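J.: Have a look at the structure that comes next, please.
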Amino acid sequence: MVQYSSVLDRTFSALADPHRRQILDRLGTGPVSVSDLAAPLRMSLPGVLKHVRTLEDAHLVETTKEGRTRWCQLRRRPLDDAARWIDQRRDRWDGRLDRFARHVEATKAT
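In this note's numbering, the protein residues as written are 1202 to 1311.
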């Protein structure tokens, strides 16, 4: 569980930044070069590279280099793992909230 938690921590930490979320949205359409990622973000290349490295550390992005161009590609598995973690908690919490609501209704009736 500790390793799973560490991976989730890196994923959620990476997702906490709006620029990194924009990068992931852009990569959802397919591989994009770092320089093409920089233009709509209105950031310097070093600034975008810093965000890309954070996303790489979280295993959300994989980069490859072709000549002088660095390409970024989305890796879905960490996002799927985070979504599964959220869904598991939501299911558990929904069940508890449903039981609580039934309890409240039962106490009102008495």
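C-beta atoms are modelled at their ideal positions from N, C-alpha and C, and glycine is treated no differently. All values derive from a computational prediction rather than experimental measurement.
From which residue to which residue does the alpha helix (DSSP H) around residue 1222 run?
T.: 1219-1228 is the extent of the alpha helix (DSSP H) around residue 1222.
J.: Between residue 1276 and residue 1263, is the Cβ-Cβ spacing less than 8 Å?
T.: Closer than 8 Å, so yes.
J.: Could you confirm whether any beta carbon from chain C is found closer than 8 Å to the beta carbon of residue 1240?
T.: Structure shown: chain C not included; a single protein chain is present.
J.: Thinking just about the alpha-carbon of each residue, which of 1223, 1265, 1232 is nearest to the one in residue 1198?
T.: This structure gives no information on residue 1198, because the portion of the chain shown stretches from 1202 to 1311.
J.: Going by other Cβ atoms of all chains shown within 10 Å of its Cβ, with 16 needed for buried, is residue 1279 buried or exposed?
T.: Per the 10 Å Cβ criterion, buried.
J.: Can you tell me whether residue 1269 is buried or exposed, with buried defined as 16 or more other CB within 10 angstroms of its CB?
T.: Exposed, since its Cβ has fewer than 16 Cβ neighbours within 10 Å.
J.: Relative to the alpha-carbon of residue 1256, which residue among 1309, 1300, 1213, 1302 has its alpha-carbon at the smallest distance?
T.: Measuring from the Cα of residue 1256, the nearest candidate turns out to be 1213.
J.: Taking 8 Å as the threshold (C-beta atoms), are residue 1242 and residue 1220 in contact?
T.: Cβ atoms of residue 1220 and residue 1242: closer than 8 Å.
J.: By the DSSP assignment, the alpha helix (DSSP H) with residue 1254 in it spans what residues?
T.: Segment 1246-1258, the alpha helix (DSSP H) holding residue 1254.
J.: Can you have a look at residue 1239 and say buried or exposed, based on whether 16 or more other CB atoms are within 10 angstroms of its CB?
T.: So residue 1239 counts as buried.
J.: Using the rule of at least 16 other Cβ atoms within 10 Å of the residue's Cβ for burial, across every protein chain shown, is residue 1249 buried or exposed?
T.: By the 10 Å Cβ count, residue 1249 comes out buried.
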